[in-house]
Ligand code: PRP
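In this note's numbering, the protein residues as written are 60 to 239.
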């Protein structure tokens, strides 16, 4: 069932500026080092692709796919790994890249898991953040934009697996499209 896009919350030009700013911060902080960027599938794939092209220090890229069980129904839930990393992260400067942080449960669990693998450093970078929804103590080290507690899609974020390809971050209307 499709929904209607109600409005653009963050347009593609502002998203581009956001990527340049975050990549600039990362490039400065990691001067003289190599970074291993870990993208959390699926939502992070577009932000990651934009971000790495603006980073000026050497970068390796890997992906991890997780299923999060982490809200109303399972507050102490686990993160199940559907696809693990290909790279050994021991001794690496790792930056985990997400599309959005909501409750923070997914990243908290993932961060704890990756920490056990002995990275030289481990930081979190998210395109968007909804701090008003946080239920655990988890803050990103790099954040593109704080967003309000609305259902947002586009720029990698989905509703029922659709809308990830929208170039802008958009708000979905509550009602469904009457043509569907
Ligand atoms: C989204 C997002 C984070 C998580 C954030 O993933 O990419 O991984 O939810 O929520 P949390 O902070 O409450 O844990 P989702 O499960 O929708 O999968 P997707 O990336 O494949 O869209």
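Glycine included, C-beta positions come from ideal geometry on N, C-alpha and C.
Small disclaimer: the values here were computed from a predicted structure and weren't measured.
Between the Cα of residue i and those of the options, spot the shortest distance and give me the residue it belongs to.
i, options, result
"residue 111", "232, 199, 186", "186"
"residue 208", "188, 164, 173, 156", "188"
"residue 156", "91, 233, 72, 82", "82"
"residue 61", "77, 138, 220, 227", "220"
"residue 89", "232, 180, 234", "180"
"residue 93", "169, 70, 144, 151", "151"
"residue 166", "67, 99, 143", "99"
"residue 174", "196, 149, 66", "149"
"residue 80", "91, 106, 64", "106"
"residue 183", "177, 191, 203", "203"
How many whole angstroms separate the CB atoms of residue i and residue j, which I take to be in contact at a CB cut-off of 8 Å?
i, j, result
"residue 115", "residue 162", "That pair is no contact at about 33 Å."
"residue 138", "residue 125", "5 Å"
"residue 201", "residue 84", "6 Å"
"residue 234", "residue 63", "7 Å"
Using a Cβ-based criterion (distance less than 7 Å to any ligand heavy atom), does residue i qualify as near ligand 1?
i, result
"residue 242", "This structure does not reach residue 242, given that the chain is present from 60 up to 239, and the question cannot be answered."
"residue 213", "no"
"residue 225", "no"
"residue 96", "no"
"residue 164", "yes"
"residue 101", "yes"
"residue 217", "yes"
Taking all protein chains shown into account, do 16 or more other C-beta atoms lie within 10 angstroms of the C-beta of residue i, making it buried, or fewer, making it exposed?
i, result
"residue 153", "buried"
"residue 210", "exposed"
"residue 168", "buried"
"residue 103", "buried"
"residue 70", "exposed"
"residue 97", "buried"
"residue 228", "buried"
"residue 205", "exposed"
"residue 123", "buried"
"residue 129", "Because the pLDDT at residue 129 is just 44, under 50, the model does not fix this residue reliably, and the value given afterwards should be weighed accordingly. Its Cβ being crowded by 16 or more others within 10 Å, residue 129 is buried."
"residue 131", "Any reading at residue 131 needs caution, since the residue's pLDDT is 44, under 50, leaving its predicted position unreliable; the model's value is listed next. With fewer than 16 Cβ atoms within 10 Å of its Cβ, residue 131 is classed as exposed."
"residue 147", "exposed"
"residue 109", "buried"
"residue 14", "Here the chain covers residues 60 to 239 and nothing more, so residue 14 does not appear."
Using a threshold of 7 Å, is the CB atom of residue i nearer than that to any non-hydrogen atom of ligand 3?
i, result
"residue 159", "Looking at this structure, you won't find ligand 3 anywhere; what it does contain is ligand 1."
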